[in-house]
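So for the sequence shown, our numbering puts the first residue at 190; every next one is plus one. Quick notes on the structure that follows.
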Amino acid sequence: MKKLLALLITGFLVLQGCSRTPKQANNVDEDKITIVTTIFPQYDFTRQIVKDKANVIMLLKPGAESHTYEPTPQDIKTIQEADLFIYTGGENDVWIESIFEGLEKQPHTLKLIDVVHVVEEELVEGMQHDHDHDHGHGDHDHGHKEDDHSHDDHNHSHDEHEHDEHNHSHDEHEHGDHDHNHDKKQDAPTKSNVVELTGEIDEHVWTSVVNAMTIVESITEELVELDEKNKDFYLENSKNYLEELKAVDTQIKDVVKNSKSKTVIFGDRFPFRYFADEYGLEYYAAFSGCSNDSEASAATVSFLIDKVQELQVPVVFTIELSNEKIADSIVEATNTKKLVLNSAHNVTPDEFEQGITYVDIMKQNVEVLKKALN
Numbered sequence: 190m191k192k193l194l195a196l197l198i199t200g201f202l203v204l205q206g207c208s209r210t211p212k213q214a215n216n217v218d219e220d221k222i223t224i225v226t227t228i229f230p231q232y233d234f235t236r237q238i239v240k241d242k243a244n245v246i247m248l249l250k251p252g253a254e255s256h257t258y259e260p261t262p263q264d265i266k267t268i269q270e271a272d273l274f275i276y277t278g279g280e281n282d283v284w285i286e287s288i289f290e291g292l293e294k295q296p297h298t299l300k301l302i303d304v305v306h307v308v309e310e311e312l313v314e315g316m317q318h319d320h321d322h323d324h325g326h327g328d329h330d331h332g333h334k335e336d337d338h339s340h341d342d343h344n345h346s347h348d349e350h351e352h353d354e355h356n357h358s359h360d361e362h363e364h365g366d367h368d369h370n371h372d373k374k375q376d377a378p379t380k381s382n383v384v385e386l387t388g389e390i391d392e393h394v395w396t397s398v399v400n401a402m403t404i405v406e407s408i409t410e411e412l413v414e415l416d417e418k419n420k421d422f423y424l425e426n427s428k429n430y431l432e433e434l435k436a437v438d439t440q441i442k443d444v445v446k447n448s449k450s451k452t453v454i455f456g457d458r459f460p461f462r463y464f465a466d467e468y469g470l471e472y473y474a475a476f477s478g479c480s481n482d483s484e485a486s487a488a489t490v491s492f493l494i495d496k497v498q499e500l501q502v503p504v505v506f507t508i509e510l511s512n513e514k515i516a517d518s519i520v521e522a523t524n525t526k527k528l529v530l531n532s533a534h535n536v537t538p539d540e541f542e543q544g545i546t547y548v549d550i551m552k553q554n555v556e557v558l559k560k561a562l563n
């Protein structure tokens, strides 16, 4: 990884002499501020606030596996020239800190794990124990259904995708002062099926809609400081968007509250720790977090099959962009349904072109949960 980063930074320095700026390379308006994001959630949160008043770029190519993303020299140049760079932080983003060390000019940044309380990944009963937590951006085959997407010099700009505005009349989620130093891990909630904590911070903070609201507030604060002339526009959009998120949060809580079951089973990795904690769900899964493992042991698959039968669970979950092999084995043995609970790491190229949003994804999850918990 260090050798790769050194090569990338060398490539970046070569690009410094090129005539095209990152804004020109990404076909964005040079008269507007530019916000660069690593993955879909922060990309979508930002574009809901700025609308057409700023450029928003997502480095991750739609349809690509976020955990194996490797930046190109053009990506590094795009990051350096950003007015604001938003990333998650944690093990999967160690490359960012390494790149910062090699840059003369560092961009203004917002790291998501610094603005919400974080927890560790859990090992629950039956889960594969010997998985590799090295998210190491190397030659690892994740076996995803989507074709392998190379990272060329084309990033994804918000200006190409316009979205309808939404009006909701729900209670306002207030914009208060924020402590941006929430880097301490919370004590894990007591669950009867938790074997141990992994010692690794769970990075999937956005899967809790409550966390998403906190993140949106933090992004809004950064934007109004950077682009004061559009302050009122950003604040109004943020207020409306927070009401929309609050409505989705309420829908999820209502579904769980009124459901027959509070247990979900994943024949897959489990990036939903924050979601499960927020909404009071117990879970069983093949792997914790977003382990690099893609093949579960026979013992793990057998345990999940037995658990589905014991609890009479009607649905086995998989996550977006997964190869779904483990879930397929469980479904075949138990005659249950297989459904996707979408963690919104990324979206497919078609979804991206159609303008799917984080709220759209969470609303889809609401409908899926209705089937899984009843």
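Note that beta-carbon positions come from the ideal geometry of N, C-alpha and C, so glycine has one too. Fair warning: this is a prediction, and the values are worked out from it, not measured in the lab.
CB-CB under 7 Å to N563, same chain, minus the five flanking residues each way: which ones, in chain order?
S448 and K449
Measure the alpha-carbon distance for I238 versus L424 and round it to whole angstroms.
8 Å
How should L500 be labelled, buried or exposed, when 16 other C-beta atoms within 10 angstroms of its C-beta is the threshold for buried?
exposed
Using three-state DSSP, classify V384 as helix, strand or coil.
strand
Any idea what DSSP makes of I265, helix, strand or coil?
helix
Quick one: what's got a C-beta closer than 8 Å to K560's C-beta in the same chain, skipping five residues either side?
Here the set comprises P503, V504, K526 and L528.
Between which two residues does the alpha helix (DSSP H) harbouring F274 extend?
Taken as a continuous stretch (DSSP letters only), F274 belongs to no alpha helix (DSSP H), being part of the beta strand (DSSP E) at L273 to Y276.
With a Cβ-Cβ cutoff of 8 Å, do I404 and W395 count as a contact?
Yes, they are a contact pair.
For the beta strand (DSSP E) that contains L434, what are its first and last residues?
Not the beta strand (DSSP E): L434 falls in the alpha helix (DSSP H), residues K420 to K446.
Where does the unbroken alpha helix (DSSP H) through M402 begin, and where does it stop?
V398 to L415
Based on Cα-Cα distance, which residue from V536, G315, I441 and K428 lies nearest to N382?
G315
Would you say R458 lies against chain C (beta-carbon separation less than 8 Å)?
Annotation note: the requested chain C is absent from the structure, which comprises a single protein chain.
Taking the Cβ atom as the reference point for each residue, do D443 and I515 lie within a distance shorter than 8 Å?
no
What does the alpha-carbon distance come out to for the pair T235 and E290?
26 Å
Report the option in I494, Y430 and K418 whose CA atom is closest to the CA atom of V399.
Y430
Express the C-alpha separation of V437 and M551 in angstroms, rounding to a whole number.
7 Å
Considering only the beta carbon of each residue, do I246 and N535 sit closer than 8 Å?
Cβ atoms of I246 and N535: not closer than 8 Å.
Could you please give me the residues that DSSP links to K527 through a beta bridge?
V505
Going along the chain, which residues of its own chain have a beta-carbon closer than 7 Å to the beta-carbon of P538, five neighbours each way excluded?
P251 and G252
Closest to N219 by C-alpha separation, out of D241, Y232 and D233, would be which residue?
In the sequence as presented, Asn is not what sits at residue 219; that position holds Glu. Considering only alpha carbons, the answer is D241.
Mark Q543 as exposed unless 16 or more other C-beta atoms lie within 10 angstroms of its C-beta, in which case mark it buried.
exposed
A488 lies in the alpha helix (DSSP H); which residues open and close that run?
A487 to L500
Tell whether a beta-carbon distance below 8 Å holds between G478 and F459.
Going by C-beta atoms, G478 is nearer than 8 Å to F459.
Alpha carbon to alpha carbon, how far is A488 from V555? Give it in angstroms, no decimals.
31 Å
Please state the DSSP three-state secondary structure of Y463.
For Y463, the three-state secondary structure derived from DSSP is helix.
Report yes if the C-beta distance between L312 and E385 is below 8 Å; otherwise report no.
Going by C-beta atoms, L312 is nearer than 8 Å to E385.
Hey, quick one: how far does the beta strand (DSSP E) through I577 stretch, first residue to last?
This structure gives no information on residue 577, because the portion of the chain shown stretches from 190 to 563.
To the nearest angstrom, report how far apart L273 and V217 are at their CA atoms.
15 Å
Between D233 and Y473, which are expected to be in contact by the criterion C-beta below 8 Å, what is the C-beta distance as a whole number of angstroms?
Wrong, their Cβ atoms sit about 30 Å apart, outside the cutoff.
Where does I285 sit, in a helix, a strand or coil, going by DSSP?
In this structure, I285 counts as helix in the three-state DSSP scheme.
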